[in-house]
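Residues 1 to 420 in my numbering are what the sequence shown lists, from first letter to last.
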Amino acid sequence: MHNTTALLIELGSLILALGLIGRLAERVGLSPIPLYLLAGLAFGQGGLLPLNASEDFVAVGAEIGVILLLLLLGLEYSASELVTSLKTQYPSGAVDFVLNATPGAAAALLLGWGPVAAVALAGVTWISSSGVVAKVLTDLGRLGNRETPVVLGVLVMEDLSMAVYLPLLTALLAGVGLAGGSVALVVALGTVGLVLYVALRHGRLISRAVSSDNPEMLLLVVLGLTVLVAGVAQQLQVSAAVGAFLVGIALSGEVAEGARKLLTPLRDLFAAVFFVFFGLSTDPAAIPPVLLPALLLAVVTTFTKIATGWYAARRAGIGPRGRLRAGGALVARGEFSIVIAGLAVATEPRIGPIATAYVLILVVLGPLTARWTEPLVSRMRKADRWRRGRGEGDGGTPVDRTSGLPSPGETPAAAAGAKG
């Protein structure tokens, strides 16, 4: 009875604290993810108020949080949309992978953490936060911009890549070796291909079988099916998260829309618990030593994400300003970086602190780069053109470089002096 009482008190206090943190984040216009991570650091071992009675419950809640995150992500896309994105966005996806996974892998190898840790940290630096990016685009009123479909296309490619990357990482972390990892990769590719085929050909039949006019029945069937498939996927070393993602893809139409509305509050609750749990598993004292590597990684991958957005938007025929907006919007990292680090932390504990610090930096910096990258670069270019104009004139008189005529407001005498 005493343990149950302590569990209820701790759990109630934790959920209440998360609610207050979420309201604070909403008021200041930030994603709540960094605050959830900080709360986990405060409640974990070595923190201010360590949790004891509810730790096991929070661990299970964190697993459910990952499953619901990936399920809701899968419900956002139809199989046809994913196939279309594969056909049109694969060059941008390849550039995104090379530019943003390489810094993480290189950092792990330079730190002497080995190849498995390199694969894990590569994923942490590679994947942008779909949730944070979507919220920022909405807040900035850019959903109708020309570059927004490009940004969403890159995110779709990253999300679909998770269905291949996560099983491979899971196999490597389990120590099955290169051969076992190759088998896991083949199984993952085959599973994804099969699900896409079935969803394209028979998606309506699957949705009809799951459909119900009763919201309670729909919630129970979708949630039960997802957890069951996730467990089977975990047993097959394919990753529970991938199993949940594939269930989301297989559902479409009114069923997907209804399930999304019913499951979104549950997702938000358990996703918050997941971020707290990741903070709980990280010793706050381990973060200061990795702040400098995390900051360097954040700076490098900020520029590589901007370059990714620039490349993807240029392929779509979008002008320089739209390219900069696309790149700045992609900078934020968040939920998927923490999911990857959470998988790896049991095998390589050193990834936890650097991933926490890295996400804390970029989940705050991401909305700022989305807002200010294009205006800042535009101002720098204008200032550079102004300095060049002053340099070409006599005594600092700006001259039109193409015609040699005076700039607006310039006297003819000044122009003659500039030409002569």
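Backbone N, C-alpha and C fix where the C-beta goes; we use that ideal spot for every residue, glycine too.
Next item on the list: Please confirm whether residue 129 and residue 276 have their CB atoms less than 8 Å apart.
Entry: If you number the sequence shown from 1, residue 129 lands on position 129. If you number the sequence shown from 1, residue 276 lands on position 276. For residue 129 and residue 276, no; Cβs fall outside 8 Å.
Next item on the list: Could you have a look at residue 100 and say whether DSSP puts it in helix, strand or coil?
Entry: Within the sequence shown, the letter at position 100 stands for residue 100. If DSSP states are grouped into helix, strand and coil, residue 100 belongs with the helices.
Checklist line | Boundaries (first-last residue) of the alpha helix (DSSP H) holding residue 130 | finding: In the sequence shown, the residue the question calls residue 130 occupies position 130. Residues 130 to 139.
Checklist line | Extent of the continuous alpha helix (DSSP H) to which residue 322 belongs | finding: The sequence position of residue 322 within the sequence shown is 322, counting from 1. Counting along the chain, the alpha helix (DSSP H) containing residue 322 begins and ends at 320 to 329.
Checklist line | Buried or exposed by the 16-neighbour rule on C-beta atoms within 10 Å, applied to residue 78 | finding: Counted from its first residue, the sequence shown places residue 78 at position 78. So residue 78 ends up on the buried side.
Notebook entry, point to check: Cα-Cα, which of 274, 229, 210 is closest to residue 221?
Noted result: Sequence index remark: in the sequence shown, residue 221 carries index 221 (1-based). Answer by Cα proximity: 210.
Check: What distance in whole Å lies between the Cβ atoms of residue 103 and residue 331, which are believed to be in contact at a cut-off of 8 Å?
Finding: Walking along the sequence shown from the start, residue 331 turns up at place 331. Walking along the sequence shown from the start, residue 103 turns up at place 103. Not really, about 13 Å apart at Cβ, beyond 8 Å.
Check: How many whole angstroms separate the CB atoms of residue 291 and residue 344, which I take to be in contact at a CB cut-off of 8 Å?
Finding: The count along the sequence shown starts at 1 and reaches residue 291 at position 291. The count along the sequence shown starts at 1 and reaches residue 344 at position 344. Their Cβ separation, rounded to whole angstroms, is 20 Å, which puts residue 291 and residue 344 out of contact at 8 Å.
Next item on the list: Could you tell me the distance, in whole angstroms, from the CA atom of residue 11 to the CA atom of residue 154?
Entry: To locate residue 11, count along the sequence shown from 1; it is residue 11. To locate residue 154, count along the sequence shown from 1; it is residue 154. Approximately 38 Å between the Cα atoms of the pair.
Check: By Cβ distance below 8 Å, which residues in the same chain neighbour residue 198 in space, the five residues on each side in sequence not counted?
Finding: Counted from its first residue, the sequence shown places residue 198 at position 198. If you ignore the 5 residues before and after residue 198, its C-beta comes within less than 8 Å of the C-beta of 206, 250, all in its own chain and listed in chain order.
Check: Which residues in the same chain as residue 55 place their Cβ atom closer than 8 Å to its Cβ, once the five residues preceding and following it in sequence are excluded?
Finding: Position 55 of the sequence shown, counting from 1, holds the residue named residue 55. Only 280 meet the Cβ criterion.
Item checked: Within 8 Å, strictly: CB atoms of residue 341 and residue 70 -> In the sequence shown, counting from the first residue as 1, residue 341 sits at position 341. In the sequence shown, counting from the first residue as 1, residue 70 sits at position 70. The answer is no: Cβ separation not under 8 Å.
Next item on the list: Return the Cβ separation of residue 353 and residue 298 in integer angstroms, given the expectation that the two are a contact with Cβ distance under 8 Å.
Entry: Residue mapping note: residue 353 aligns to position 353 of the sequence shown, counting from 1. Residue mapping note: residue 298 aligns to position 298 of the sequence shown, counting from 1. Contact doesn't hold; Cβ gap of about 14 Å is too wide.
Notebook entry, point to check: Quick one: any contact between the stretch 248 to 266 and the stretch 84 to 94, if contact means 3 or more CB pairs under 8 Å?
Noted result: no
Next item on the list: Out of 24, 316, 165, 191, state which residue places its alpha-carbon closest to the alpha-carbon of residue 147.
Entry: Position 147 of the sequence shown holds residue 147. Of 24, 316, 165, 191, the residue nearest in Cα terms is 316.
Check: Given a threshold of 16 other Cβ atoms within 10 Å of its Cβ, counted over all protein chains shown, does residue 258 qualify as buried or as exposed?
Finding: On the sequence shown, position 258 is the one that residue 258 refers to. Counting Cβ neighbours within 10 Å, residue 258 comes out buried, since at least 16 surround it.
Notebook entry, point to check: If you draw a straight line from the C-alpha of residue 200 to the C-alpha of residue 187, how long is it?
Noted result: The count along the sequence shown starts at 1 and reaches residue 200 at position 200. The count along the sequence shown starts at 1 and reaches residue 187 at position 187. C-alpha separation (whole angstroms): 20 Å.
Notebook entry, point to check: Taking three-plus beta-carbon pairs below 8 Å as touching, is the stretch 319 to 330 in contact with the stretch 366 to 386?
Noted result: yes
Notebook entry, point to check: Between 36, 204, 14, which lies nearest to residue 80 when the distance is taken from Cα to Cα?
Noted result: For the purposes of this step, residue 80 is taken as residue 80 along the sequence shown, with counting starting at 1. Ranking the options by Cα distance to residue 80, first place goes to 204.
Notebook entry, point to check: Within 10 angstroms of its Cβ, does residue 217 collect 16 or more other Cβ (buried), or is it exposed?
Noted result: Residue mapping note: residue 217 aligns to position 217 of the sequence shown, counting from 1. Exposed, by the Cβ-count rule.
Notebook entry, point to check: Around the C-beta of residue 254, are 16 or more other C-beta atoms found within 10 angstroms, so that it is buried, or is it exposed?
Noted result: For the purposes of this step, residue 254 is taken as residue 254 along the sequence shown, with counting starting at 1. That one is exposed.
Checklist line | With 16 other Cβ atoms within 10 Å as the buried cut-off, status of residue 60 | finding: On the sequence shown, residue 60 is found 60 positions in, with the first residue counted as 1. Flag for residue 60 reads exposed.
Notebook entry, point to check: Which first and last residues belong to the alpha helix (DSSP H) in which residue 215 is found?
Noted result: If you number the sequence shown from 1, residue 215 lands on position 215. Residues 215 to 235.
Check: With 16 other CB atoms within 10 Å as the buried threshold, where does residue 26 fall?
Finding: Here the question's residue 26 lines up with position 26 in the sequence shown. Looking at its Cβ environment, which holds fewer than 16 other Cβ atoms inside 10 Å, residue 26 is exposed.
Margin query: For a test of the three-state rule: what should DSSP assign to residue 127, helix, strand or coil?
Written below: Counting from one through the sequence shown, the residue named residue 127 turns up at place 127. In the three-state reduction of the DSSP assignment, residue 127 falls in the coil class.
Next item on the list: Mind listing, in chain order, the continuous alpha helix (DSSP H) runs of no fewer than 4 residues lying wholly within the stretch 281 to 356?
Entry: 291 to 315, 320 to 329, 335 to 344
Next item on the list: Identify the continuous alpha helix (DSSP H) that holds residue 36 and give its terminal residues.
Entry: Here residue 36 refers to the residue found at position 36 when the sequence shown is read from its first residue. Start and end: 33 to 43.
Notebook entry, point to check: Does the stretch 119 to 133 come close enough to the stretch 8 to 23 that 3 or more CB-CB pairs lie under 8 Å?
Noted result: Touching, no.
Notebook entry, point to check: Under a three-way DSSP split, which group does residue 205 fall into?
Noted result: Walking along the sequence shown from the start, residue 205 turns up at place 205. If DSSP states are grouped into helix, strand and coil, residue 205 belongs with the helices.
Check: If you run the structure through DSSP and keep just helix, strand and coil, what is residue 271?
Finding: The sequence position of residue 271 within the sequence shown is 271, counting from 1. Helix.
Notebook entry, point to check: What are the start and end residues of the alpha helix (DSSP H) that includes residue 426?
Noted result: The displayed coordinates of the chain run from 1 to 420. Any statement about residue 426 would go beyond what the structure contains.
Notebook entry, point to check: Who are the Cβ neighbours of residue 9 in its own chain at under 7 Å, not counting the five residues just before and after it?
Noted result: Here residue 9 refers to the residue found at position 9 of the sequence shown. Here the set comprises nothing.
Next item on the list: On a CA-only basis, which of 160, 328, 105 is nearest residue 241? Give me that one, please.
Entry: Looking up residue 241 in the sequence shown gives position 241. Of 160, 328, 105, the residue nearest in Cα terms is 160.
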